[in-house]
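Have a look at the structure below before the remarks.
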Amino acid sequence: MAIKCGVFKTTYEDDEAIWQTKASKFWITVLIVSLIIFPFVFQDSKYLLHIADSVLIAIIAALGLNILTGFTGQISLGHGAFIGVGAYASGYFMNQFGLPFLSCLLIAGFITAFVGMIFGIPSLRLKGLYLAIATLAAQVILEFVFIRWRVVTGGSQGLLVAPASIGGFAFDSEFKFYFLALAFAILAILVAKNIVRMKPGRAFMAIRDRYISAEIIGVPLFQYKLLAFGISSFFAGVSGSLWAHYIGIITPEHFNVVVSIQYLSMIIIGGLGSIFGTILGTIFIVLLPEILRAISGPLSSSYPILIDIFNALREGVFGLVIIMFLIFEPDGLAHRWRMIKNYWKLWPFSY
Amino acid sequence: MEQVVQSLISGIVVGSIYALVALGFVLIYKSTAVINFAQGELLMFGAYICLTLVTTLKLPFLVAFVVTLLAAALLGFLLERLFLRPMIGEPIISVIMLTIGLASLMQGFIHVTWGSDTMVFPAIFSPEPLRFAGIAISQVYVYSVLAAVICLVLFNLYFRFSSSGIAMRAVANDQQAAQAMGISISKIFAIAWAIAAIVAGIGGILIGNINGVNTSLSAFGLKVFPAVILGGLDSIPGAILGGFIIGVLEALSGIYLDPVFEGGTKEVVPFIVLVIILMIKPYGLFGTEEIEKI
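Going line by line, the protein sequences match chains A and B. For the first sequence, the numbering used here begins at 6 and goes up steadily by one. For the second sequence, the numbering used here begins at 449 and goes up steadily by one.
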């Protein structure tokens with residue numbers, strides 16, 4: 006399985022192909038197969054499977070945010086709340102009307118898309134900093150609704166939700182849910198990749214790079230900005246719905262501003278405007294606290310104070326990691342990955 | 449009526465602290481075009497430093513106050529030099545994210561150093577309330593507003609008459625032109641951050657005297673957004689006015705809306721106002737409208 010050592014593309018279609026080379030097709034197949042085998046190997050470790058599930062669910066929402074922020078250039082500080090909208094919508098429709106899981110998931114997606122588009126309306130007049138603040142307002146207002154609209158959300162007590170099930174098969178354990186989450190994550194990656202390759206994706210990038218020029222060459226700004234908000238929120242809604250039926254209880258603090266910031270940091274650390282980077286960034290941010298926990302665990306026997314300050318420590322390290330990435334690796338992990346790949350492409354004659 | 453007046457007064461007091469924090473915020477935005485999400489943490493830092501100086505080192509309050517301001521200025525310098533300087537020329541979202549990271553880092557640091565329990569300043573002002581026309585106002589409130597107003601006036605004078613203040617306004621107006629006139633931009637950036645940290649520190653000490661000091665003080669950093677958007681992101685008088693308006697608005701919603709929604713409206717009303725302003729007047733009361741050309 007030789008890896009090509011140069012660029013041999015002759016058409017634009019080649020440039021946009023998902024399977025760039027036979028080798029990449031082979032390795033991605035290997036990756037997917039090993040992802041399917043993974044839970045069988047670690048069947049006994051609920052902890053590992055839980056982390057894997059969290060990563061897969063988070064990838065869906067992070068992809069949505071990257072379409073909005075990375076590809077369209079609209080900063081959103083309210084993504085966490087949108088995920089919450091999806092979670093509550095899905096839980097409410099299942100509890101009240103007894104709808105099956107898949108239709109709840111779709112409804113959640115569309116409701117979230119609708120809410121996202123409402124908060125996207127100001128984006129026509131606002132940009133950059135102002136938009137970031139407007140979405141922060143969306144976050145605060147939605148959080149308030151989650152806590153106060155008790156009839157629907159159950160308030161701070163939370164809303165109990167039945168586990169996901171398709172055709173009578175309940176995905177009620179970490180192990181079973183893994184396959185559902187994996188299927189949806191792969192589907193989301195494919196959809197995102199294709200949106201980005203198609204007309205809307207090109208329009209998004211045109212708006213991001215220079216919105217006045219985009220408008221002049223005939224990209225209807227308002228329409229596409231709203232579309233970006235809609236698509237991004239749809240992804241958030243689906244992710245929220247999956248999360249709700251996985252965890253089983255929805256409480257407002259799962260969707261606060263810290264969550265929004267975490268999602269932003271996922272796509273920034275991964276690489277803005279890169280689907281692959283989104284995946285890397287999500288894995289990194291979800292694993293970061295777990296790695297910290299793993300390190301502070303053995304140390305805490307000799308320094309018991311570590312247990313008390315663990316949360317604070319996690320917060321501090323989280324901030325530090327973001328800062329370090331922004332200063333030393335502003336293009337994210339995806340960029341680093343490309344560099345490594347390019348290096349090996351020509352190895353050992355990399356000059 | 450008595451209750452309404454009382455909460456209006458406390459609204460004005462809180463508003464004066466918003467105004468201080470907003471002043472620093474606008475200053476940073478004006479001269480460096482950075483939205484600082486760590487403003488609330490700067491406030492918290494000031495409060496904790498002063499508290500430690502007063503309680504642990506037993507310094508007299510005024511000395512502690514001055515030392516705190518020096519420490520805050522130093523912190524501002526350091527933040528700018530270490531973290532913001534490398535980000536010049538990076539896209540907006542990266543810079544925003546950097547200040548969010550800074551906020552998280554400082555939160556973690558303060559948490560680890562001082563713990564998460566609420567700490568109280570020893571009584572510095574006498575608890576005997578002052579009486580104006582039959583309305584009792586506690587002395588802390590009076591001094592807070594007084595201090596805030598003095599700061600605001602001083603900084604206004606500074607920007608108007610001192611050479612570094614004028615240089616700062618020049619940089620805010622047009623960086624290249626200012627540079628061509630021989631103004632050192634990096635120096636101005638550092639001064640902007642130092643001043644922002646100082647005013648936030650003053651705000652922190654004041655609010656710490658009123659409410660006690662804990663990590664929830666950083667919420668002030670988010671509350672400053674409605675204030676500055678209302679006033680216009682790049683207008684210092686606007687930020688001050690916006691701060692007072694948001695403070696009073698909060699107090700009013702505490703009286704009239706809390707019974708309807710079972711509390712918590714204080715947190716959300718400023719942001720609803722923010723959305724409305726953004727919809728009808730995106731550049732706020734005094735902000736300059738950006739006109740873009742290709």
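We treat Cβ as the ideally placed atom computed from N, Cα and C, and that holds for glycine.
So Ser-455 (chain B) and Ala-675 (chain B) are in contact, right, with Cβ under 8 angstroms, and what is the actual spacing, rounded? With a Cβ gap of about 18 angstroms, Ser-455 (chain B) and Ala-675 (chain B) do not count as contacting.
Please determine if the segment 260–277 of chain A and the segment 61–74 of chain A are in contact, where contact requires at least 3 C-beta pairs separated by less than 8 angstroms. Inter-segment contact for the segment 260–277 of chain A and the segment 61–74 of chain A is present: three or more beta-carbon pairs are separated by less than 8 angstroms.
Taking the continuous beta strand (DSSP E) assigned at Ile-585 (chain B), which residues delimit it? Per DSSP, Ile-585 (chain B) belongs to the beta strand (DSSP E) from 583–585.
DSSP state of Ile-171 (chain A), grouped into three classes? If DSSP states are grouped into helix, strand and coil, Ile-171 (chain A) belongs with the strands.
Given Arg-202 (chain A), which residues of its chain have a CB within under 6 angstroms of its CB, disregarding the five upstream and five downstream residues? If we look at Arg-202 (chain A) and ignore the five residues flanking it on each side, its Cβ neighbours are Glu-21.
Would you identify the three-state DSSP class for Asp-550 (chain B), choosing helix, strand or coil? Before going on, a small fix: residue 550 (chain B) reads as Leu here, not Asp. Reduced to three states, the DSSP call for Leu-550 (chain B) is helix.
By a C-beta neighbour count over all protein chains shown, 10 Å radius and 16 as the cutoff for buried, is Gln-359 (chain A) buried or exposed? Outside the displayed range of chain A (6 to 356) lies residue 359 (chain A), so it cannot be described from this structure.
Using 8 angstroms as the Cβ pair cut-off and three pairs as the minimum, do the segment 119–130 of chain A and the segment 231–247 of chain A touch? Between the segment 119–130 of chain A and the segment 231–247 of chain A there are three or more inter-stretch CB-CB distances shorter than 8 angstroms, so the stretches are counted as touching.
Short of 6 angstroms in beta carbon distance, which residues of its chain neighbour Gly-278 (chain A), apart from the five on each side in sequence? Order them along the chain. Excluding positions up to five away in sequence, the list reads Gly-75 and Phe-76.
Closest by C-alpha distance to Gly-83 (chain A), when choosing among A:Ile-300, A:Leu-129, A:Thr-140 and A:Ile-65: Considering only alpha carbons, the answer is A:Thr-140.
Using the beta-carbon count (16 or more within 10 Å), is Val-263 (chain A) buried or exposed? Counting the other Cβ atoms within 10 Å of the Cβ of Val-263 (chain A) gives fewer than 16, which makes it exposed.
Whole angstroms is fine: what's the gap from Thr-736 (chain B)'s alpha carbon to Leu-665 (chain B)'s? Cα to Cα, the separation comes out at about 31 angstroms.
In chain order, what residues of the same chain lie with their CB nearer than 8 angstroms to the CB of Val-721 (chain B), ignoring the 5 residues before and after it? Result list for Val-721 (chain B): Pro-674, Leu-678, Ile-694 and Leu-697, in chain order.
Against chain B: residues of the segment 126–149 of chain A by CB proximity under 7 angstroms: Of all residues in the segment 126–149 of chain A, only Pro-127, Arg-130, Leu-131, Gly-133, Leu-134, Tyr-135, Ala-137, Ile-138, Ala-139, Leu-141, Ala-142, Val-145, Ile-146 and Phe-149 place a beta-carbon less than 7 angstroms from a beta-carbon of chain B.
Roughly how many whole angstroms lie between the Cα atoms of Asp-565 (chain B) and Val-243 (chain A)? In this structure, the straight-line span from the alpha carbon of Asp-565 (chain B) to that of Val-243 (chain A) is close to 39 angstroms.
Could you tell me whether any Cβ in chain A is nearer than 8 angstroms to the Cβ of Ile-548 (chain B)? Closer than 8 angstroms to the CB of Ile-548 (chain B) there is at least one CB belonging to chain A.
Short-range partners of chain E found in the segment 265–291 of chain A, where Cβ spacing is below 9 angstroms: Among the chains of the structure shown, chain E does not appear; the protein chains present are A and B.
Between the Cα of Ala-186 (chain A) and those of A:Phe-13, A:Ala-169 and A:Phe-47, spot the shortest distance and give me the residue it belongs to. Residue A:Ala-169 is the option with its Cα nearest to Ala-186 (chain A).
Can you look up Ile-254 (chain A) in the DSSP assignment and give me helix, strand or coil? DSSP places Ile-254 (chain A) in strand when its eight states are reduced to three.
Taking CB distances under 8 angstroms as the criterion, tell me whether Pro-335 (chain A) reaches chain B. At least one chain B Cβ lies under 8 angstroms of Pro-335 (chain A).
Endpoints, alpha helix (DSSP H) assigned at Val-619 (chain B): From DSSP, the alpha helix (DSSP H) with Val-619 (chain B) extends over 611–621.
Coil, strand or helix - Leu-578 (chain B) by DSSP: Shown here, Leu-578 (chain B) sits in a strand according to DSSP, grouped into three states.
Validate contact between the segment 644–659 of chain B and the segment 490–497 of chain B using beta carbons, cut 8 angstroms, 3 pairs: Taking one beta carbon from each stretch, the segment 644–659 of chain B and the segment 490–497 of chain B have 3 or more pairs nearer than 8 angstroms; the two touch.
Chain-ordered neighbours of Glu-538 (chain B) on chain A, where CB pairs are closer than 8 angstroms: Per Cβ cutoff of 8 angstroms: Leu-331 and Pro-335.
Just the Cα atoms here: how many angstroms apart are Met-329 (chain A) and Ile-290 (chain A)? Going from the Cα of Met-329 (chain A) to the Cα of Ile-290 (chain A) covers about 14 angstroms.
Within the 8 angstroms Cβ cut-off, does Gly-690 (chain B) reach chain A? Interface annotation, Gly-690 (chain B): not in contact with chain A, CB-CB separation never under 8 angstroms.
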